[in-house]
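Asks: Protein chains in written order, with the working numbering: chain A, 1 to 124; chain B, 1001 to 1389. Below is the structure I would like to discuss, written out as structure tokens.
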Amino acid sequence: MAMERELLKSLAKKPATLCYPSEKATPVEGIRAKVAWDIEKCIGCGLCPQICPSKAIELTGKGSEAEITYYLDRCLFCGECVDVCPTKTIKTTSEFELAFTSRTEATIHYKRSKPSSNRKEKGC
Amino acid sequence: MATRIPFGPQHPALKEPINFMCEVSDEKVLSVRPRLGYIHRGVEKLAENRTYNQNLYLIERICGICAFAHVTCFSQAVEEILNIEIPSRAKYIRTILAEMERIQNHFLWLGDVGHEMGFNTLFMYSWRDRELVLQLIENISGKRVNYAMNTIGGVRRDITSMIMPSLKEGLNHLEERAKYYTEMCTKDPTVLRRTVGVGMLSPSDALELCAVGPTIRASGIPRDVRADDPYAAYEEIPFKVITYDGRDVASRLMVRLDEVLESISIIRYALDNLPNGDVRVRVPRRVPKGEAVSLVEAPRGEDLHYVRADGTEKPVRVKVRAPTLANIPTLCKMLIGENIADIPVVIAGIDPCIACAERLVFVDTATRKRWMWNKQELRKYATKWYRKK
Chain A
1 MAMERELLKS LAKKPATLCY PSEKATPVEG IRAKVAWDIE KCIGCGLCPQ
51 ICPSKAIELT GKGSEAEITY YLDRCLFCGE CVDVCPTKTI KTTSEFELAF
101 TSRTEATIHY KRSKPSSNRK EKGC
Chain B
1001 MATRIPFGPQ HPALKEPINF MCEVSDEKVL SVRPRLGYIH RGVEKLAENR
1051 TYNQNLYLIE RICGICAFAH VTCFSQAVEE ILNIEIPSRA KYIRTILAEM
1101 ERIQNHFLWL GDVGHEMGFN TLFMYSWRDR ELVLQLIENI SGKRVNYAMN
1151 TIGGVRRDIT SMIMPSLKEG LNHLEERAKY YTEMCTKDPT VLRRTVGVGM
1201 LSPSDALELC AVGPTIRASG IPRDVRADDP YAAYEEIPFK VITYDGRDVA
1251 SRLMVRLDEV LESISIIRYA LDNLPNGDVR VRVPRRVPKG EAVSLVEAPR
1301 GEDLHYVRAD GTEKPVRVKV RAPTLANIPT LCKMLIGENI ADIPVVIAGI
1351 DPCIACAERL VFVDTATRKR WMWNKQELRK YATKWYRKK
């Protein structure tokens, strides 16, 4: 009769699953999800594309002119880039709904807003 | 009338997709011939082109369920070549996560075997409760399936005192559920009828065919890497090796359920006695020339990794022997003399993580008539056959 007891108990309970688009699970603290660059802080050291196990990060340009292309569809969400970044440019976000209809949507370009010459002066 | 049944080859859930050529007479299986090598992913070759750190994430994806066991095994092998000792706190965290993985695997398996015997209520309840342990894992690592926790030289995240109370509370709930399932599985007529006396494996056969994991322990032989060749923190943690003498699927069920309770007590002990200190040591990118073999008791049995390094930052050879492969000869032995209706339960009994539909071709050798059944149809046939009985 063990199963029957459980069945009766479950009758009084709410469903265990969430009704997805209207109800969403709250991401836990420290979730490993999509990562984001604060590109202005990037020094172009090249550690993140080097450590990435799935070649999801591409670095173009050098030093303070460096820009990042992040291929979300290749990302394993391991967070190695976040750990390796010397200037804490890369941060983990809590965005976990990452389904796309095309590959271009899943490619994120991080471009510098200021012209590079100004930044150079600032850097000097 | 003898009939040949190829079972498979589409078992993508297995690390080694497999085809079983069963020869049957009426309802009884007369002989079984396994055939391997259908979906070769080339993981071992791929590992040779990646750095050790990148390989961690590749190795983690050999299996979605035993991910942590595989990556622990690989890390241990590389650490042995590097000749480094990881901090004891890292060892304890590895133990805690390995045991949590065992709990989630066993709950998943319980649901799977329930599904195979046509007992979908059990499947739904046990998967609902598996969610509890997945949440605990997510609290620690930030991920639910591939935890990305292990690294060469320790673990990447610490268990903070903040999450300690929620872990303990979660464990209490899990213990309650595991006790309930143990009680239910010893009493429920559906479970008993489909598992008792099904898929018998004698201890001598188990030893001869080198069975591993819960399969050999359900034949009464206490063989467990955690006790025989302790790794991580198992040397310092007291625990029992669970064995049952029933030799059938019911015993395998009980071994796994008791292991869940044992795992909970291991985690509790490890959380209470968690040493202080660092969780990782920094290791060089280049691994000196050498080779190492590492063993880990994955939820499904003994997992073996062999790594050879040549002084560069990439390994020369990585060899993986997953537990399911070790259990295939035993599975063939178990299937002989079973009913066709019991094939799914016996195969599920070794926990080969059958997640996707596989195909069955029935060939009547007398009339050369061929027909196909997928897993669902076979399950339907099995349920109907048992109802009639």
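C-beta: ideal position from N, C-alpha, C; glycine also.
So that I know if they touch, is there some Cβ in chain B lying closer than 8 Å to that of A:C78?
Replies: yes
Asks: Using DSSP with H/G/I as helix, E/B as strand and the rest coil, what is B:A1348?
Replies: Taken through DSSP and simplified to helix, strand or coil, B:A1348 comes out as helix.
Asks: Please classify B:R1035: is it buried, with 16 or more other beta-carbons within 10 angstroms of its beta-carbon, or exposed?
Replies: Exposed, since its Cβ has fewer than 16 Cβ neighbours within 10 Å.
Asks: Quick check: the Cα distance between B:I1392 and B:P1203, rounded to an integer number of angstroms?
Replies: This structure gives no information on residue 1392 of chain B, because the portion of chain B shown stretches from 1001 to 1389.
Asks: Would a check of beta-carbon distances place B:Q1104 closer than 8 Å to chain A?
Replies: At a cut-off of 8 Å, the C-beta of B:Q1104 has no neighbouring C-beta in chain A.
Asks: Determine, using beta carbons only, whether B:L1201 and B:K1333 come nearer to each other than 8 Å.
Replies: yes
Asks: Rounded to the nearest angstrom, what separates B:N1139 and A:I31 at their Cα positions?
Replies: 8 Å
Asks: Report the residue from B:P1329, B:V1345, B:H1173, B:A1067 whose alpha carbon sits nearest the alpha carbon of B:V1249.
Replies: B:V1345
Asks: What three-state label does DSSP hand B:P1315 in the structure shown?
Replies: strand
Asks: Name the residues in the stretch 1176-1188 of chain B whose C-beta lies less than 8 Å from a C-beta of chain A; which are they?
Replies: Y1180, E1183, M1184, K1187, D1188
Asks: Compute the distance between the beta-carbons of B:R1280 and B:G1142, then report whether it is under 8 Å.
Replies: no
Asks: What residue range does the beta strand (DSSP E) around A:I68 cover?
Replies: 67-71
Asks: List the residues that DSSP assigns as beta-bridge partners of B:A1298.
Replies: Partner(s): B:G1301.
Asks: Among B:D1205, B:V1198, B:T1151, whose alpha-carbon lies nearest the alpha-carbon of B:I1328?
Replies: B:D1205
Asks: Grab the span of the alpha helix (DSSP H) containing A:A36 for me, first residue to last.
Replies: That residue, A:A36, is in no alpha helix (DSSP H); its beta strand (DSSP E) goes 35-37.
Asks: What does B:K1240 reach in chain A if we use C-beta pairs closer than 7 Å?
Replies: The contacting residues do not exist; B:K1240 stays about 25 Å from chain A at best.
Asks: Count the other CB atoms, across all protein chains shown, that sit within 10 Å of the CB of A:C78; report buried if there are 16 or more and exposed otherwise.
Replies: So A:C78 counts as buried.
Asks: With respect to the alpha helix (DSSP H) encompassing A:K140, which residues constitute its N-terminal and C-terminal limits?
Replies: For chain A, the structure presents residues 1 to 124; residue 140 of chain A sits outside this window and is missing.
Asks: Given that A:A30 touches chain B, what residues does it touch there, using C-beta distances under 7 Å?
Replies: Per the sequence shown, the amino acid found at residue 30 of chain A is Gly instead of Ala. Against chain B, the beta carbon of A:G30 has neighbours under 7 Å at G1142, listed in chain order.
Asks: Just the chain A side, please: which residues come within less than 8 Å of B:T1072 by C-beta, in chain order?
Replies: Within chain A, no residue comes near B:T1072; the closest Cβ sits about 16 Å away, beyond 8 Å.
Asks: Please list the terminal residues of the continuous alpha helix (DSSP H) segment that includes A:T60.
Replies: No alpha helix (DSSP H) contains A:T60, which is instead part of the beta strand (DSSP E) from 57-60.
Asks: For A:E121 and A:K88, what's the separation of their Cα atoms in angstroms?
Replies: Per-residue confidence for A:E121 stands at a pLDDT of 41, beneath the threshold of 50, marking its modelled position as unreliable; the derived number appears in the next sentence. So the alpha carbons of these two residues sit roughly 22 Å apart.
Asks: Got a sec: is the Cβ-Cβ distance from A:E6 to anything in chain B below 8 Å?
Replies: Any Cβ of chain B closer than 8 Å to the Cβ of A:E6 would place that residue at the interface, and such an atom is present.
Asks: Give me the chain A residues within the contact set of B:Q1054, using Cβ-Cβ distance strictly less than 7 Å, ordered along the chain.
Replies: P53
Asks: Pick out the complete alpha helix (DSSP H) segments inside the stretch 1080-1123 of chain B, 4 residues or longer, and give them in chain order.
Replies: 1088-1116
Asks: Give the single residue among B:D1224, B:Y1231, B:S1126, B:V1225 whose Cα lies nearest to the Cα of B:K1179.
Replies: B:S1126
Asks: Could you check whether the Cβ of B:A1148 sits closer than 8 Å to any Cβ belonging to chain A?
Replies: Judged by the 8 Å Cβ criterion, B:A1148 is in contact with chain A.
Asks: Apart from the five residues on each side of it in sequence, which residues of its chain come closer than 8 Å, Cβ to Cβ, to B:E1048?
Replies: K1314, P1315, V1316, R1317, V1318
Asks: Run through DSSP, which three-state label would B:Y1147 get?
Replies: coil
Asks: Beta carbons nearer than 9 Å to chain B: which residues of the stretch 78-105 of chain A have them?
Replies: C78, G79, E80, D83, T92
Asks: Ignore the nearest five residues each way along the sequence and tell me which others in A:C45's own chain have a CB closer than 7 Å to its CB.
Replies: P86
Asks: So, helix, strand or coil for B:I1140, using DSSP?
Replies: helix
Asks: If the criterion is Cβ atoms closer than 8 Å, does the pair B:A1069 and B:A1098 meet it?
Replies: If you check the CB distance, B:A1069 and B:A1098 come in under 8 Å.
Asks: Just to confirm the assignment: which complete alpha helix (DSSP H) runs, minimum length 4, are found wholly within the stretch 1236-1275 of chain B?
Replies: 1249-1272
Asks: Tell me, to the nearest whole angstrom, how far the beta carbon of B:V1071 is from that of B:L1056; I am working on the premise that it is less than 8 Å.
Replies: 6 Å
Asks: In chain order, which beta strand (DSSP E) runs of at least 3 residues are fully inside the stretch 4-30 of chain A?
Replies: none
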